[in-house]
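S.K.:
Numbering (the numbering used here), first residue to last: 289 to 722.
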């Protein structure tokens, strides 16, 4: 028989985050892309989903977790606000004086051809891997076969698989910008639909990763680019900010639908016990009460600082000849009344690596970093396309911090250098046509 679990503290956290989010929206005059607003609202949504499912999950949630998580979000917001007050205090948003209209040309079809060839190479590799792992049911069982082996760290995809995805991502990203720029700043033309060809061609690459992270980061990229250009066109006026909230809501519903579709394609099908709401709640909400459980467990001593956070740093040092132990990106799974998870919010990884005080310091620094980068783009007279593309590419940790840490795991290494390089090259060739 299930025991009664009080969701009261989760509702308290949700209400406090709602108040904070509204206050930040008012402070930033409706600029919903300010990093602290994104961080606060996504944690609020995760808390609400957790509260609605807490009795089914049978997970506790204490006041101490409310305080720690709220302090983390507040530290991030303070970093955001401090940079705005210090570095951009006297800045005003200027209208965009020059904007380029992107015409459809043969480069789109060349890009499509290149992406198709890369997709076939990636398909051949992952299909061959699935055969080695015992796949006997053909194409539709590839992801179901490969994904568990990757999660168990029994196999890994080759670096060439990653390189092909970086190239395809750069091409798709550049055409996302061209499509949205034409759509927002100029009169609609049916020819703009041709820009969608290379964008849609990126879908197989997201499936080949076997998970949902590539899909979510790309959807977030599209949302950030679109909302930024819309706000830039209207000089970040409060009315435009309010309208962008409605747009975000609509795009959010579309993103959830895409999320469920990608789950189906990767073998995570729905059933009577796994409804779309349960799947969504598990993915977006379980990490919050899981944080409370693992936060109150006795810590396991580890002499390696940040071994579950600075994974790329340890691997690069080993590559350079340092004899350091191998570190793992995945945290151990913990079972809670028949439900298991290994994600406990970004705050937990920072606490595990540096303690509570260190977590607050990291959150402040991240808030300051994202704030400076974003507001540099906001207050610039022109649209810095390459810088905007890179910012939109690295913005997904803001949306996903309530689930798990992604900044240090994904971006604090050579990966962002590769992605930034191919984005710059793709922009020069496809948009600037050098």
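C-beta: ideal position from N, C-alpha, C; glycine also.
Here the structure is a predicted model, which means the values were calculated and not measured.
1) Counting Cβ pairs closer than 8 Å, one from the segment 471-490 and one from the segment 436-451, do we hit at least three?
2) Look at the alpha carbon of residue 338 and the alpha carbon of residue 685, and state the distance between them as a whole number of angstroms.
3) Determine the closest residue to residue 644 out of 353, 662, 349, 701, with distance taken between C-alpha atoms.
4) Does the Cβ of residue 303 have 16 or more other Cβ atoms within 10 Å, making it buried, or fewer, making it exposed?
5) What number of angstroms, rounded off, separates the C-alpha of residue 536 from the C-alpha of residue 717?
6) Using 10 angstroms around the beta-carbon of residue 417, count the other beta-carbons present and answer buried if the total reaches 16, otherwise exposed.
7) Express the C-alpha separation of residue 408 and residue 534 in angstroms, rounding to a whole number.
8) Could you spell out the range, first to last residue, of the alpha helix (DSSP H) harbouring residue 413?
9) Nearest to residue 336 by CA position, among 670, 569, 701, 646, is which residue?
10) Would DSSP call residue 540 helix, strand or coil?
11) Quick one: what does DSSP say residue 298 is sitting in, helix, strand or coil?
12) Pull up the distance between the alpha-carbon of residue 363 and that of residue 648, whole angstroms please.
13) Give a yes or no on whether the C-beta atoms belonging to residue 386 and residue 670 are separated by under 8 Å.
14) Give the list of continuous alpha helix (DSSP H) stretches no shorter than 4 residues that lie fully inside the segment 490-518.
15) Closest by CA to residue 655, which one among 360, 676, 517?
16) Could you check where the alpha helix (DSSP H) with residue 580 kicks off and where it finishes?
17) Can you give me the start and stop residues for the alpha helix (DSSP H) that residue 453 sits inside?
18) What does the alpha-carbon distance come out to for the pair residue 715 and residue 674?
19) Counting Cβ pairs closer than 8 Å, one from the segment 427-440 and one from the segment 465-480, do we hit at least three?
20) Between residue 523 and residue 383, how many whole angstroms is the CB-CB distance? I'm expecting something under 8 Å.
21) Given a cut-off of 8 Å on the beta-carbon distance, is the pair residue 529 and residue 311 in contact?
22) Please report the distance separating the alpha-carbon of residue 370 from that of residue 664.
23) Below 8 Å on the Cβ atoms is my contact criterion, and I expect residue 490 with residue 706 to pass it. Report the Cβ-Cβ distance as a whole number of Å.
24) When you compare the CB positions of residue 575 and residue 691, do they come within less than 8 Å of one another, or not?
25) Flag this pair as yes or no: are the beta carbons of residue 368 and residue 683 separated by less than 8 Å?
26) My understanding is that residue 676 touches residue 504, with C-beta atoms under 8 Å, so please give their C-beta distance in whole angstroms.
27) How is the alpha helix (DSSP H) around residue 708 delimited, first residue to last?
28) What is the C-beta distance between residue 403 and residue 495, in whole angstroms, given that I count them as a contact (C-beta under 8 Å)?
29) Tell me which same chain residues have a C-beta within less than 6 Å of the C-beta of residue 463, skipping the five on either side of it?
30) Using a Cβ-Cβ cut-off of 7 Å (strictly less than) and excluding sequence neighbours within five positions of residue 390, which residues of its own chain qualify?
31) Can you have a look at residue 295 and say buried or exposed, based on whether 16 or more other CB atoms are within 10 angstroms of its CB?
32) Determine the direct distance from the alpha carbon of residue 350 to that of residue 476, and round the result to whole angstroms.
33) Which word fits residue 573, buried or exposed, when buried means at least 16 other C-beta atoms lie within 10 angstroms of its C-beta?
34) I believe residue 406 touches residue 456 by the beta-carbon criterion, under 8 Å. Please report the beta-carbon distance rounded to the nearest angstrom.
35) Suppose the cutoff is 7 Å on Cβ atoms and the five residues either side in sequence are ignored; what does the same chain contact list for residue 366 look like?
36) Tell me whether the beta-carbon of residue 547 lies closer than 8 Å to the beta-carbon of residue 500.
M.R.: Let's see:
1) no
2) 20 Å
3) 353
4) exposed
5) 31 Å
6) buried
7) 39 Å
8) 394-420
9) 569
10) helix
11) helix
12) 6 Å
13) yes
14) 491-496
15) 360
16) 575-583
17) 447-473
18) 7 Å
19) no
20) 6 Å
21) no
22) 14 Å
23) About 17 Å separates the two Cβ atoms, so there is no contact after all.
24) yes
25) no
26) Not really, about 19 Å apart at Cβ, beyond 8 Å.
27) 703-714
28) Not a contact, Cβ separation roughly 14 Å.
29) 483, 486, 487
30) 466, 469, 470, 719
31) buried
32) 52 Å
33) buried
34) 6 Å
35) 652, 655
36) yes
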